[in-house]
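J.: When we follow the numbering used here, the leftmost residue of the sequence shown carries the number 2, and every step to the right adds one.
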Amino acid sequence: MLWEYLIFGGVAFLMTGVRCEVTEVFVEAGSQAVLPCESSPPSASAAAILWTKANVGTVWRKEKSGLQYWGYGWAKQGTSRIQCPYDEFGRGDYSLHISDVREEDGGDYTCRVDDGKQRVRKVVTLRVITVSVSPSVAVPGGDVSISCDVTPWPMGATLRWRLNGNPFVPQNEIKEVSIPDRGVTKSVMEGKVTERLTGDWTCVVNDQKKESLATKHLSVKGIINPSSDNTKVYAAVGSAVTLPCVFSPGLTPYNPVWERLSAGSLSPSTARSLPPSFRLSSRRLLDSSVSVGEVGSEDGGRYRCSGTVKGYRLSTSLQLVVAKIESNVHSVKKAPATLTCHLSDPSEVTEYEWVHVTYDLNGTESTRSVQKGNVLRIDKVAGDSSGEWVCRFYGEKGILGNVTYHVPLMSGLTGAKEAGLSDNTAMVIGLSFLLLVLLLVVAQMYKNHQRRKRIFQFPALETIVHTISNEREERERNRVKNEDSV
Ligand SMILES: *[C@@H]1O[C@H](CO)[C@@H](O)[C@H](O)[C@H]1NC(C)=O
Ligand SMILES: *[C@@H]1O[C@H](CO)[C@@H](O)[C@H](O)[C@H]1NC(C)=O
Numbered sequence: 002m003l004w005e006y007l008i009f010g011g012v013a014f015l016m017t018g019v020r021c022e023v024t025e026v027f028v029e030a031g032s033q034a035v036l037p038c039e040s041s042p043p044s045a046s047a048a049a050i051l052w053t054k055a056n057v058g059t060v061w062r063k064e065k066s067g068l069q070y071w072g073y074g075w076a077k078q079g080t081s082r083i084q085c086p087y088d089e090f091g092r093g094d095y096s097l098h099i100s101d102v103r104e105e106d107g108g109d110y111t112c113r114v115d116d117g118k119q120r121v122r123k124v125v126t127l128r129v130i131t132v133s134v135s136p137s138v139a140v141p142g143g144d145v146s147i148s149c150d151v152t153p154w155p156m157g158a159t160l161r162w163r164l165n166g167n168p169f170v171p172q173n174e175i176k177e178v179s180i181p182d183r184g185v186t187k188s189v190m191e192g193k194v195t196e197r198l199t200g201d202w203t204c205v206v207n208d209q210k211k212e213s214l215a216t217k218h219l220s221v222k223g224i225i226n227p228s229s230d231n232t233k234v235y236a237a238v239g240s241a242v243t244l245p246c247v248f249s250p251g252l253t254p255y256n257p258v259w260e261r262l263s264a265g266s267l268s269p270s271t272a273r274s275l276p277p278s279f280r281l282s283s284r285r286l287l288d289s290s291v292s293v294g295e296v297g298s299e300d301g302g303r304y305r306c307s308g309t310v311k312g313y314r315l316s317t318s319l320q321l322v323v324a325k326i327e328s329n330v331h332s333v334k335k336a337p338a339t340l341t342c343h344l345s346d347p348s349e350v351t352e353y354e355w356v357h358v359t360y361d362l363n364g365t366e367s368t369r370s371v372q373k374g375n376v377l378r379i380d381k382v383a384g385d386s387s388g389e390w391v392c393r394f395y396g397e398k399g400i401l402g403n404v405t406y407h408v409p410l411m412s413g414l415t416g417a418k419e420a421g422l423s424d425n426t427a428m429v430i431g432l433s434f435l436l437l438v439l440l441l442v443v444a445q446m447y448k449n450h451q452r453r454k455r456i457f458q459f460p461a462l463e464t465i466v467h468t469i470s471n472e473r474e475e476r477e478r479n480r481v482k483n484e485d486s487v
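(1) Beta-carbon separation of E64 and A49 under 7 Å?
(2) What does the alpha-carbon distance come out to for the pair K233 and R163?
(3) With distances taken from each beta carbon to the nearest heavy atom of ligand 2, which residues come in below 6 Å, in chain order?
(4) Put V438 into one of helix, strand or coil per three-state DSSP.
(5) Taking the beta carbon of I224 as the centre, do at least 16 other beta carbons fall within 10 Å, making it buried, or is it exposed?
(6) For G308 and K176, what's the separation of their Cα atoms in angstroms?
(7) Inspect the beta-carbon positions of V238 and V145 and report whether they are closer than 7 Å.
(8) For P254, does the count of other Cβ atoms within 10 angstroms reach 16, so buried, or fall short, so exposed?
(9) What residues in its chain sit with their C-beta under 6 Å from that of R476, if we drop five residues either side in the sequence?
(10) Work out the CA separation of T351 and H357 for me, nearest whole Å.
(11) I'd like the list of long-range same chain contacts for S133, defined as Cβ closer than 6 Å, with 5 residues on each side in sequence excluded.
(12) Mark D150 as exposed unless 16 or more other C-beta atoms lie within 10 angstroms of its C-beta, in which case mark it buried.
(13) Among the residues of its own chain, which have a CB less than 7 Å from the CB of N231, if the five just before and after it don't count?
(14) Under three-state DSSP, which class holds R476?
(15) Taking the C-alpha atoms as reference points, what is the distance between S137 and G143?
(16) Based on the DSSP secondary-structure assignment, which residues constitute the bridge partners of P168?
(17) Helix or strand or just coil, what does DSSP make of K233?
(18) Is S96 near V23, with beta carbons less than 7 Å apart?
(19) Return the CA-CA distance between G413 and S387, expressed in angstroms with no decimal places.
(20) Note the first and the last residue of the continuous beta strand (DSSP E) segment covering A338.
(21) Rounded to a whole number of angstroms, what is the C-alpha to C-alpha distance between Y406 and E389?
(22) Under the three-state reduction of DSSP, which class applies to S290: helix, strand or coil?
(23) From V189 to V178, what distance separates their C-alpha atoms?
(24) Given this structure, state the Cα-to-Cα distance separating S249 from N165, to the nearest angstrom.
(25) Alpha carbon to alpha carbon, what distance is there between Y353 and C204?
(26) Only counting the same chain, and skipping five residues up and downstream in sequence, which positions put a Cβ closer than 6 Å to that of S44?
(27) In whole angstroms, give me the CA-to-CA distance for R113 and F27.
(28) By Cβ distance, which residues of its chain are closer than 6 Å to K311, with the 5 residues on each side in sequence left out?
(29) Taking only runs of the beta strand (DSSP E) that begin and end inside the stretch 351-405, which ones reach a length of at least 3 residues, in chain order?
(30) In three-state terms, what does DSSP make of M156?
(31) Can the beta-carbon of S298 be found closer than 7 Å to that of K325?
(32) Roughly how many whole angstroms lie between the Cα atoms of E295 and V221?
(33) Helix, strand or coil for V443? Go by DSSP, reduced to three states.
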């Protein structure tokens with residue numbers, strides 16, 4: 002009898018012990034949940050472990066022999082969202098890890114460990130916080146609904162909202178609607194989309210003990226490409242490029258317009274029309290992208306695409322960054338040639354790389370990275386400097402683009418030499434011309450001198466010629482006088 006009471010008492014103690022062991026785990030949907038289950042002291046020998054979920058059954062089981070079983074629905078095609086890390090077993094930690102937690106994973110889980118000497122039973126309640134934003138890319142003026150749900154709902158918990166980290170105070174555009182659900186009230190915000198509502202919506206769940214968060218992003222946009230304002234588009238001079246402007250499906254932009262913006266300005270008064278080489282690239286309604294067949298070096302700058310949707314003027318601006326290579330191969334005689342990689346806006350470039358591209362007789366391309374930095378110096382006259390020199394430029398997220406400089410065959414630095422030669426030729430031609438002119442002048446002077454000498458040989462003749470001309474002048478003068486008097 003006493004024995005039975007002892008057992009009953011022990012069981013009752015265990016039961017109360019179990020009740021105290023209920024652990025609450027709050028987790029944001031999509032993240033990883035860790036359901037704790039520890040036995041102390043750690044068992045010396047292999048233990049049998051069983052994880053079950055209330056109303057579902059076995060989640061995961063391991064026998065003493067090491068054999069594992071997954072419950073139905075928890076292992077799909079060899080990969081499983083659940084895991085019990087073996088390397089922790091030695092420390093008595095049999096926690097269950099659930100990755101990519103879903104709303105339906107919420108509920109009560111029980112862990113049972115039996116190592117032959119001690120038995121452990123723990124209950125863990127997993128509560129999944131789900132924030133949903135619908136639609137996640139909203140159109141200005143359109144309806145939006147943001148809701149926060151916790152599955153299963155924690156009695157006595159409270160919900161608050163933060164927008165971009167700050168407590169959110171609803172104004173006219175959006176209001177909190179109470180939706181009675183399973184006897185509790187969850188938080189749903191409903192209203193019309195404005196710019197103010199864009200950003201990260203965080204649902205703050207306050208349990209008695211702690212605060213748990215879940216966040217979703219709401220972007221208000223009618224233009225899906227480019228995805229953010231002031232996106233940079235890189236293009237080499239002479240290459241083709243497309244400036245994207247694509248509206249969200251379901252929107253029909255009215256009066257889409259492209260403009261070129263003056264540097265540092267967004268005001269429409271300073272906008273100019275596009276260069277004539279820019280053409281609308283598609284006839285589709287949602288796509289107002291323009292393409293440029295051959296980018297000119299002066300095309301770099303800021304552009305804006307806009308269109309009216311549901312009474313809102315939507316716009317996006319982007320920047321065309323033009324890349325070119327400036328060379329001094331032909332201007333400096335016998336000096337090292339330099340190629341400079343020049344971008345109209347290098348602010349996002351973190352690194353330049355020069356690559357030498359050559360083609361063998363079969364036309365097979367081979368590339369060789371030569372150096373870093375935006376200036377390439379080639380010091381030696383080398384026949385292999387011909388081919389293509391490509392300047393690749395990188396940003397923080399990887400390659401942004403490249404630009405190619407073609408060195409003609411048998412040129413490169415030999416090009417510099419040729420340039421020097423032709424300089425010499427010009428000088429020789431110039432000098433010869435000067436000499437020729439000098440010779441002509443000297444010849445003329447000599448001729449004049451000879452003539453004068455000949456005239457002085459006949460002084461009388463000179464007098465006669467002189468008298469004759471004087472007489473003719475006198476006669477002429479008299480004739481003019483007579484005509485005047487008549
Ligand atoms: C060109 O191609 C032929 C056969 O395709 C090959 O045997 C030869 O080695 C190649 N030459 C070079 C320079 O790659
Ligand atoms: C330069 O960019 C073009 C287009 O992105 C690419 O096809 C080409 O391989 C690049 N050239 C080099 C040498 O990186």
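Cβ atoms here follow ideal geometry from the backbone N, Cα and C, with glycine treated the same way.
T.: Working from what's here:
(1) yes
(2) 32 Å
(3) V356, V358, T368, V391, R393 and N403
(4) helix
(5) buried
(6) 29 Å
(7) no
(8) buried
(9) none
(10) 20 Å
(11) S148
(12) buried
(13) S318, L319 and Q320
(14) helix
(15) 12 Å
(16) R163
(17) strand
(18) no
(19) Residue placement at G413 is poorly supported in this model, since its pLDDT is 42, which falls under 50; the coordinates still yield a value, given next. So the alpha carbons of these two residues sit roughly 5 Å apart.
(20) A338 to L344
(21) 6 Å
(22) coil
(23) 5 Å
(24) 24 Å
(25) 44 Å
(26) D116
(27) 21 Å
(28) G142
(29) 352-360, 366-373, 376-379 and 388-396
(30) coil
(31) yes
(32) 34 Å
(33) helix
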